[in-house]
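Visitor:
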Amino acid sequence: MSDERPRSFEELLAEGALVPTEGWDFSWFEGRATEARPSWGYAGTLAGRLSGAGAVLDVQTGGGEVLDFALARAGRRPALTAATEGWPPNVTRATALLRPRGVVVVASPEDAPLPFADESFDLVVSRHPVRAHWDEIARVLRPGGTYFAQHVGPGSARELVEFFLGPRPAELWEARHPDRERRAAEAAGLETVDVRAERLRMEFHDIAAVVHFLRKVVWMVPDFTVGRYRPRLRALHERIEAEGAFVAHSSRHLFEMRRGARTP
């Protein structure tokens, strides 16, 4: 039997509030929170796509972890690989991680036009972009080029968000529906190759994991701070203590879109 005493609510809050949030490395959550992964295995599949590409752009790369993982496993690296990121701490992290692999990391706000010439890339990729700018993606793709990405789908972590914010309007949850995004991509001139969607179980085993998650994935509860939501955090802590892990569900969809060949 372990002699370690259970950590108090205040200790867990403090721990969750101090964990660095840069990048998309979620290893800190091990043993404290889990999320099932989509069946298509985005990062592993991406490695194969990189092997067959000549010029690649990773949009909103975060800390560069996913691209780094895929490049390390690619049988052949592209001749040119670039990545964009808008949040300065992530730009620094991604540059340090990806520069040794020959990747050019460009600081670019997520809502700004992509800082590249027309038809620069035969493969554009992204994992969990805040929003896909379809016109820009189509512009920088070469004719016959592919957009391959995993997006956050509708209603992701809805149970957790509504625990803090209360019921949200249905139309808010539908904003990321894959059918809506597909139509927007096609309106920008891209052709649909494949769209898949899955809903996946998430579990939070302590309140520190919840705090860190909401600090890291800032669009879930946009005004989140520990001080502002302390009463709800305490209520959730007591619920986890009494009932076990808090269960929510993430939503993910896979996009493969192609720019049509240039007409004569």
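In this text, residue positions in the sequence shown follow full-length UniProt numbering: the first is 1, and each later residue adds one. In this text, a Cβ means the ideal position worked out from N, Cα and C, and glycines have one as well.
Look at the alpha carbon of Pro264 and the alpha carbon of Gly144, and state the distance between them as a whole number of angstroms.
Guide: Because Pro264 carries a pLDDT of 46, less than 50, the predicted location of this residue cannot be relied on, and no value is offered for it.
Visitor: Return yes when the Cβ of Ala82 is within less than 7 Å of the Cβ of Leu57, no when it is not.
Guide: Yes, they are a contact pair.
Visitor: According to DSSP, simplified to helix, strand and coil, what is Arg258?
Guide: Strand, per DSSP.
Visitor: Should Met1 be labelled buried (16 or more other beta-carbon atoms within 10 Å of its own) or exposed?
Guide: With a pLDDT of only 41 at Met1, under the threshold of 50, the placement of this residue in the model should not be trusted, and no figure is reported.
Visitor: Taking the alpha carbon of Ser108 as the point to measure from, which residue in Glu119, Gly86, Ala96 has its own alpha carbon closest?
Guide: Ser108 has its Cα closest to that of Gly86, out of Glu119, Gly86, Ala96.
Visitor: Tell me the DSSP secondary structure of Thr81 in three-state form.
Guide: DSSP places Thr81 in strand when its eight states are reduced to three.
Visitor: Mind checking which residues open and close the alpha helix (DSSP H) that includes Val161?
Guide: Taken as a continuous stretch (DSSP letters only), the alpha helix (DSSP H) holding Val161 covers 158-165.
Visitor: Using 8 Å as the cut-off, can you tell me whether the segment 117-130 makes contact with the segment 51-65, which would need three or more C-beta pairs spanning the two stretches below that distance?
Guide: Touching, per the Cβ criterion.
Visitor: Which residues in the same chain as Trp28 place their Cβ atom closer than 6 Å to its Cβ, once the five residues preceding and following it in sequence are excluded?
Guide: Closer than 6 Å at the Cβ level, and outside the excluded window around Trp28, lie Val19.
Visitor: Is it buried or exposed, Trp134, if we count other Cβ atoms within 10 angstroms and call 16 or more buried?
Guide: Its Cβ being crowded by 16 or more others within 10 Å, Trp134 is buried.
Visitor: Consult DSSP for Glu174 and reduce its assignment to one of helix, strand or coil.
Guide: Helix at Glu174.
Visitor: For a minimum of 3 consecutive residues, which ranges assigned as the beta strand (DSSP E) are wholly contained in the segment 15-96?
Guide: Listed in chain order, they are 33-35, 55-58, 80-85.
Visitor: Could you tell me the distance, in whole angstroms, from the CA atom of Leu12 to the CA atom of Val105?
Guide: So the two alpha carbons sit approximately 35 Å from each other.
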